[in-house]
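For reference, the structure discussed in these notes is given below.
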Amino acid sequence: MTTVLKTEDLRKQFGELTAVDDVSIEIDDGAITSIIGPNGAGKTTFYNLLTGVLQPTAGSIWLRSGDDAAGGDGLRDVTDAEPHEVAQAGLSRSYQITNIFEGLTVRENVRVARISHEKTRLDFRSRATGDEAVEADIEELLELTGLTHIADTSCDTLSHGEKRTVEIALALAIEPNVFLMDEPTAGMNPTEVTEIVSLIRELDADLDATFVVTEHNMDVVTDISDRIVVLAEGAILADGTPEDVLTDERVTEAYLGSDSV
């Protein structure tokens with residue numbers, strides 16, 4: 003396996019509060035990794051560090067990238083990178099709350115995301131909305147995410163589950179090496195949860211991108227994960243297969259008194 007994302011002694015402090023405490027982790031391609039933990043464990047802060055939304059107090063972040071900034075091992079230091087630079091280097095994120103243009107159709111949303119990505123690559127030939135290559139990419143994304151049948155539907159009429167799927171398509175439009183999924187089933191009914199789990203599996207099988215998931219629904223975590231990393235009080239508490247981690251007494255104790263995972 004190849005390392006696609008790595009942190010070394012990553013730390014984030016807010017005054018005297020340590021939200022992320024010397025987290026060192028390597029994410030390999032070819033496996034879905036879930037990062038879980040009780041409320042306040044540091045998951046959101048960790049994601050914000052990875053995506054450049056927050057700058058670390060100490061430590062480093064490395065991302066596999068094909069650009070000239072990558073070292074001999076193919077990893078690029080993105081510790082101090084801005085969010086758009088991290089995205090350009092190949093890391094994409096979907097959020098707990100849908101982040102789409104409600105007044106546009108599904109196709110138009112995907113087109114905006116795809117063209118924005120082309121602009122960051124300085125591929126001026128592909129910036130026009132009528133460019134055949136871009137339009138082909140858009141159709142492929144719509145088909146890949148199962149959105150073709152509602153491609154020309156305004157997003158303000160979609161169900162919550164459909165909007166979350168649109169957001170996944172937007173995140174994939176930047177052709178990520180690593181895709182961080184933040185609570186992909188949040189607010190969904192059981193049918194929508196089943197559909198999104200199936201989509202994640204299909205995308206993992208069909209794409210080169212490596213999926214890292216934060217999720218409160220433990221049935222989903224168990225279903226999709228090859229590896230689970232548990233954070234507690236900002237530090238790694240457990241790391242291993244779902245069977246090993248979810249039977250770890252330390253993990254059980256960390257969740258005692260917590261209503262959600």
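Per my numbering: the sequence shown ends with 263, consecutive numbering throughout. Don't be surprised by glycine CBs; every beta carbon is placed ideally from N, CA and C. Since we're looking at a predicted model, the values are computed, not measured.
CB contact flag (residue i, residue j, <8 Å)
| i | j | result |
| --- | --- | --- |
| V223 | V195 | no |
| I102 | E145 | no |
| I34 | S200 | no |
| R95 | A175 | no |
| V25 | A237 | yes |
| I38 | F48 | no |
| L7 | L51 | no |
| A173 | T147 | no |
| P178 | G44 | no |
| C157 | N219 | no |
| A153 | R109 | yes |
| V232 | V247 | yes |
| E235 | D23 | yes |
| I198 | R166 | yes |
Local conformation of residue i per DSSP, three classes
| i | result |
| --- | --- |
| G163 | helix |
| E10 | strand |
| E28 | strand |
| A60 | strand |
| T5 | strand |
| I238 | strand |
| A89 | helix |
| V55 | coil |
| F16 | strand |
| D23 | strand |
| P244 | helix |
| T147 | coil |
| A43 | coil |
| E194 | helix |
| N50 | helix |
| D133 | coil |
| I102 | coil |
| S128 | Confidence is the limiting factor: at S128 the pLDDT is only 44, short of 50, which leaves the residue's position unreliable and the question unanswerable from this model. |
Residue environment, residue i, which counts as buried when at least 16 other CB atoms sit within 10 Å
| i | result |
| --- | --- |
| E134 | exposed |
| R252 | exposed |
| T107 | buried |
| E164 | buried |
| G189 | exposed |
| H86 | exposed |
| P192 | exposed |
| L149 | buried |
| S67 | buried |
| F213 | buried |
| T53 | buried |
| L19 | exposed |
| T4 | exposed |
| F16 | exposed |
| H162 | exposed |
Residues that residue i bridges to, as DSSP identifies them
| i | result |
| --- | --- |
| T35 | V214 and R229 |
| F181 | S94 and F213 |
| L174 | Note: L174 sits in no beta bridge, so no partner. |
| D79 | W64 |
| T107 | S156 |
Residue i: CB within 7 Å of a non-hydrogen atom of the ligand GDP
| i | result |
| --- | --- |
| E197 | The ligand content of the structure shown is nil, which means the ligand GDP is not present either. |
Inter-stretch contact (C-beta, 8 Å, three-pair minimum) for the segment 51-69 and the segment 5-23: With the cut-off at 8 Å, the segment 51-69 and the segment 5-23 touch.
Segment contact, 8 Å Cβ cut-off, at least three pairs: the segment 132-142 with the segment 181-196: Contact between the segment 132-142 and the segment 181-196 is not established, with fewer than three Cβ pairs separated by less than 8 Å.
The segment 75-87 touching the segment 197-217, judged by at least three CB pairs closer than 8 Å: They do not touch, by the three-pair rule.
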